[in-house]
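The structure under discussion appears below in the form of structure tokens.
Numbering (UniProt numbering), first residue to last: 1 to 384.
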């Protein structure tokens with residue numbers, strides 16, 4: 001349980017975690033997740049290969065601690081339950097528990113700063129990590145179903161803590177209300193207290209920016225020019241619609257406000273390698289170096305539609321390789337109000353990043369970047 005929670009919580013959104021929680025917390029979490037992954041991998045390898053394999057070297061006794069020495073620090077009663085033979089695996093469990101405890105203490109402190117109810121879940125996770133570390137030391141205690149009392153305590157605290165984090169974590173809007181101009185923030189960063197910044201972040205939360213990539217229902221494979229046609233030839237000849245949608249026009253009140261959209265769309269070439277049965281076992285993606293020019297554009301009150309022609313899929317002569325294409329989209333909505341420009345989507349509520357020249361150009365090698373919407377993070381289904 002400890003390993004699964006650590007790996008799942010640190011495997012994604014590394015850069016966003018750095019921006020919101022800091023480098024130290026992020027690096028510590030990644031180190032702990034790596035250690036947990038190594039422990040889980042070692043357990044699986046030993047189970048498959050057997051105790052006599054070279055992999056089981058982590059279970060060789062490194063040194064021993066006599067009960068007399070342990071009694072000096074823990075007393076005679078606890079010394080009898082102390083693990084005398086210390087192995088590499090035991091040390092891994094011990095340090096993993098302490099790292100989990102430290103990481104979640106930091107998370108609990110940050111949750112307190114943001115008035116986030118998940119603080120109680122993080123505290124339980126921290127105590128669970130501490131109980132797990134102590135359980136590794138006192139492994140000679142009486143066991144029930146393979147776990148000592150400390151082991152069961154750690155398991156229970158971690159399970160309940162995870163549930164509390166899931167159920168009590170504040171939504172972005174709740175975080176804004178608790179820490180913005182109308183809340184009482186404990187946060188060191190006071191940027192949400194600034195009225196202009198608070199308005200900017202709230203508008204981004206309500207903007208509902210979404211990107212959808214769909215087949216063009218008006219597409220004609222052999223479209224011909226027809227001056228009497230209801231639909232222009234440029235639209236009928238495009239097989240793909242990329243729709244950039246937002247509620248920003250409805251949120252604007254002032255007559256002098258204006259919105260512009262900057263978008264780049266590139267075709268990614270996906271190469272799949274297949275085995276003799278035609279089952280793909282490896283895929284490689286390569287984004288185009290330049291953005292594509294749309295065949296046509298169509299503007300709606302709340303959306304901009306871009307019409308493109310997608311390249312045809314290809315299969316190698318041997319059938320072992322297949323090429324197909326998908327679209328990568330980066331879009332930015334720019335609101336001009338009173339001479340000031342606001343770039344959407346804004347960073348997360350807990351992310352204090354400010355717009356600068358570093359964010360002027362989209363990065364097609366990453367998703368979930370501040371000030372740029374992408375087809376994955378802002379897919380239509382995830383933004384509705």
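Note that beta-carbon positions come from the ideal geometry of N, C-alpha and C, so glycine has one too.
Just so we're clear, the structure is a prediction, and the values are computed from it rather than from any experiment.
| Item | Value |
| --- | --- |
| Three-pair Cβ contact test at 8 Å for the region 121 to 133 versus the region 162 to 180 | yes |
| Helix, strand or coil at residue 23 [DSSP, three-state] | helix |
| Alpha helix (DSSP H) segment containing residue 164, residue limits | 149 to 168 |
| Alpha-carbon spacing of residue 5 relative to residue 155, whole angstroms | Confidence is the limiting factor: at residue 5 the pLDDT is only 43, short of 50, which leaves the residue's position unreliable, though a coordinate-based value still follows. Whole-angstrom Cα-Cα distance: 11 Å. |
| C-alpha distance - residue 372 paired with residue 210, whole-angstrom precision | 11 Å |
| Those residues which DSSP pairs with residue 366 across a bridge | Paired residues: none, contrary to the question. |
| According to DSSP, residues forming a beta bridge with residue 465 | Because residue 465 is not part of the residues shown, which for the chain are 1 to 384, the question remains open. |
| Three or more C-beta pairs below 8 Å linking the region 176 to 196 and the region 224 to 233 | no |
| Simplified DSSP state of residue 237, which is helix, strand or coil | coil |
| Limits of the alpha helix (DSSP H) - the one that residue 108 falls within | 88 to 113 |
| Own chain partners of residue 300 with C-beta closer than 6 Å, once the 5 adjacent residues on each side are dropped | none |
| Simplified DSSP assignment, three categories, for residue 223 | coil |
| Residue 260, DSSP secondary structure in three states | strand |
| The region 332 to 342 in contact with the region 291 to 305 per 3-pair CB rule at 8 Å | no |
| For residue 198, the first and last residue of its enclosing alpha helix (DSSP H) | 195 to 207 |
| Given 8 Å, three or more beta-carbon pairs between the region 168 to 183 and the region 256 to 270 | no |
| Whether residue 350 touches residue 109 by CB criterion (8 Å) | no |
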